[in-house]
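Protein chains in written order, with my numbering: chain A, 1 to 216; chain B, 1 to 216; chain C, 1 to 216; chain D, 1 to 216.
4 protein chains.
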Amino acid sequence: MESTIARGGTRAPLRADAARNRERILVAAREAIVEQGPDVALDEVARRAGVGNATVYRHFPDRESLLHHVLIHVSDRITQRAQEALESERDPFEALSRMILDSADERVGGLCGLLSLSVDVHGAELAAGRQRFLKVTEELLARAHASGQLREDVGAGDLLVAVSRLTLTVPGSTCAHDSTLARRHLQIFLDGLRTPPRSQLPGNPTHLADLKDESR
Amino acid sequence: MESTIARGGTRAPLRADAARNRERILVAAREAIVEQGPDVALDEVARRAGVGNATVYRHFPDRESLLHHVLIHVSDRITQRAQEALESERDPFEALSRMILDSADERVGGLCGLLSLSVDVHGAELAAGRQRFLKVTEELLARAHASGQLREDVGAGDLLVAVSRLTLTVPGSTCAHDSTLARRHLQIFLDGLRTPPRSQLPGNPTHLADLKDESR
Amino acid sequence: MESTIARGGTRAPLRADAARNRERILVAAREAIVEQGPDVALDEVARRAGVGNATVYRHFPDRESLLHHVLIHVSDRITQRAQEALESERDPFEALSRMILDSADERVGGLCGLLSLSVDVHGAELAAGRQRFLKVTEELLARAHASGQLREDVGAGDLLVAVSRLTLTVPGSTCAHDSTLARRHLQIFLDGLRTPPRSQLPGNPTHLADLKDESR
Amino acid sequence: MESTIARGGTRAPLRADAARNRERILVAAREAIVEQGPDVALDEVARRAGVGNATVYRHFPDRESLLHHVLIHVSDRITQRAQEALESERDPFEALSRMILDSADERVGGLCGLLSLSVDVHGAELAAGRQRFLKVTEELLARAHASGQLREDVGAGDLLVAVSRLTLTVPGSTCAHDSTLARRHLQIFLDGLRTPPRSQLPGNPTHLADLKDESR
DNA sequence: TATGAATGAGGCTTCATTCAT
DNA sequence: AATGAATGAAGCCTCATTCAT
């Protein structure tokens, strides 16, 4: 029952073992993508998950679909934590910071920043999850702006793209996995976001609408 | 003669057409790597350069060699611009900023941040180029620190890794090529680097030595 | 179970269809090597076996591995036949002759004489097979010598190298596939091996130890 | 003048340096073929000859042509030596032996036995050279038969194919380059050719006509 | 003429995806 | 449902051959 809901309620409920496999694959895929990038061999994912390769395809017809659901997975978690930040944190800028650092923990960058960026959002499920996340983000931003702590000339798009990049695993590099480094840079970036602005930015604030998928 | 020197003086001078091809390949490779990452198909590079695939191999026996020389190419340019900034810019922080933004223009991130990061530096030529770049960078940093404009708790390693990431093309994304976005984020990051520091950073300043290659 | 044993007992038993393919590939490879030498295109082997090229790689990770197993295949057969000759043939020279002519039937030469010669014998399986073959060969030789029918100035190395060469497919030639021709030459060679020797041979008897791999 | 004749008198005389190059290439090609088989990279031949690769093509339009002329080269030499054996050697079997051992010295086998076998003999020049060689061979054989020393059931084809194989470099093997080994085997083979025959051969005597090219 | 350079075809190998048990 | 096996397309690289200096 519950698993049916979790999957969006569109299919017959999964058998217990199938559901366990599905979960394992998603977890393995997230790890693999974070470590090796979005081009990981799917056989590698299967190996990590401890299942046969074809099982991956039974659950996710193609690579895109797998990515898709990994994102939903991640999206749900960071949305939830953002929500918590929104509710429990008094200071609006602090709340924004928490959301950003939490996102970094999920290695959103290693996941291609797909969440915030230009993923082909065709699945209703992902679209909905993305909406939820964006809504919370906008809210956090609005409050920070309103509080006068966040410089006026930045939009949600700026934040999400930047966090994606700063937490991205640099392909071919080895030291860059260091998450402490990412935390440091995010912190510096956050400091740069505070008022008063110490410089004038080129271009215009980037909003979420500006990140719409333009691919293909 | 001159071309011999330009290539390091180790080989016989190239014929005019061969030199032209070599150049074309380097340019095409840099673009391709920036757009598609360091795993681009070499056939793709050949196509962009308008030469047969085997020609790529004649000039660069393997992928590593090609990357190697692309980096030398880029390294030379950003070092030169950093040098200019060092010499002509009065304000130390301004000089540092210029170097960083110039590096971004070369899409160092798309090049795997290989320059600043952990590239396997076995060629004497690249090693020397890297040294030159790092020396100028350290100098710029030292002056900025000395002037009291740059927060104390950051090292050259922080800067170079961050600029690599902020200029990295996010694989799978399309909008992220927008270089204006990168400029904006670098600017925000630079603002975060100024004194007085607006927060305390986790971990310790990352210096260049900390970026040493730890792979294999 | 049995198939497991047949394969050396090191892996899980193959599925029926996979085992069939494996066998087909080995057979096709043997033929192809015999006809075109050890450098045959593996795609050619795949075509002959009626499987996709990648299937060859699934069973044999690289060319060396394929050769390896082809040799084991052949080794097992000629050893068995040599054993039969040893046991059932009264006349020692006759037994030796049978072994040699049987080996020729397997086109040992076309297989690079790898069995008797300098194959890089790293696999325990092949090493063991080779030992079994060499042991029987030595025994056959010893008996023939003891019977006074085989000239004293030849060793096992002489025989094995000669049979390899006389059964070798001459690259670029077409008529040379004629196995009758090979039989004729082997017979003449065998006649030259009988006592009394009709000439004095240059050099010394070549023993098996002299054939040890000296490559790399 | 002479060089013109040597090349068949069909072209303008070569410049001195060109003639030297031509010779070098032929020598290098023979060596390379002997060592690495008939599939040697032509760049390798060029390197050994100390000329540019294109120079090989200037002299010999394609690989076949090069092989062709290498064979003419070899053919001339072994014919001459066979002629000498025919004239100076009293004992007919001895003369035949000399021819065979001399041929072995030229590594006729390594040259694919192309001379005696099925080379595509389209060039008049090679055809003529081949004819000369075969004529001497037949004469040597006829005398040996007439003297009663050579078993009746063998033909020239048997001899030439056998000597080709026994002197062939076994691809992939390393020890087999040992020419002493080849000499030993040829000697044993020659012993087997003497009367009285020690066995009955299968099939029929192979004559030169039987070796006609049947390829393509 | 001699040569270094360029090229396309072909072999090797991997991997996303499909098939059969 | 789960899996091992099979497949073809695509990337890497080499080499025979052609081109341009």
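Glycine included, each C-beta is placed from N, C-alpha and C at the ideal position.
Beta carbon of residue i nearer than 9 Å to that of residue j
i	j	result
A:Pro235	A:Ser147	Because chain A here runs from 1 to 216, residue 235 of chain A falls outside it and cannot be looked at.
D:Gly203	C:Arg183	yes
C:Leu66	C:Leu42	yes
A:Ile188	B:Phe189	yes
A:Leu193	B:Gly192	yes
B:Ile72	B:Val45	no
B:Val161	A:Leu181	yes
C:Val136	C:Gln83	yes
C:Leu208	C:Glu138	yes
D:Thr79	D:Gly129	yes
C:Ala29	C:Val40	yes
D:Ser75	D:Leu159	no
B:Arg107	B:Thr169	yes
C:Arg165	D:His185	yes
A:Leu86	A:Arg15	no
C:Asp105	C:Ser199	no
D:Arg22	D:His59	yes
Start-to-end residues for the alpha helix (DSSP H) that takes in residue i
i	result
C:Pro92	92-105
C:Asp43	42-49
C:Thr79	63-88
A:Ala209	Careful: A:Ala209 lies outside any alpha helix (DSSP H) and carries neither H nor E.
C:Gln36	16-36
D:Asp158	156-166
A:Asn53	53-59
Closer than 9 Å to chain B by CB, residue i
i	result
A:Leu42	no
A:Ala162	yes
A:Asp76	no
A:Leu181	yes
A:Leu66	no
A:Leu168	yes
CB contact below 9 Å: residue i versus chain C
i	result
D:Arg24	no
D:Ile188	yes
D:Pro92	no
D:Asp62	no
D:Val56	no
D:Val154	yes
Neighbour flag for residue i against chain D, beta carbons, 9 Å
i	result
C:His185	yes
C:Pro197	yes
C:Ile72	no
C:Leu126	no
C:Asp102	no
C:Asp17	no
C:Val45	no
C:Ala176	Here C:Ala176 scores only 48 on pLDDT, less than 50, and its place in the model is too uncertain to base an answer on.
Opposing strand residues paired with residue i [DSSP bridges]
i	result
D:Leu150	D:Arg194
Proximity test, Cβ basis, 9 Å: residue i and chain A
i	result
B:Asp191	yes
B:Arg194	yes
B:Thr206	yes
B:Arg165	yes
B:Gly148	no
B:Asp158	yes
B:Leu201	yes
B:Asp105	no
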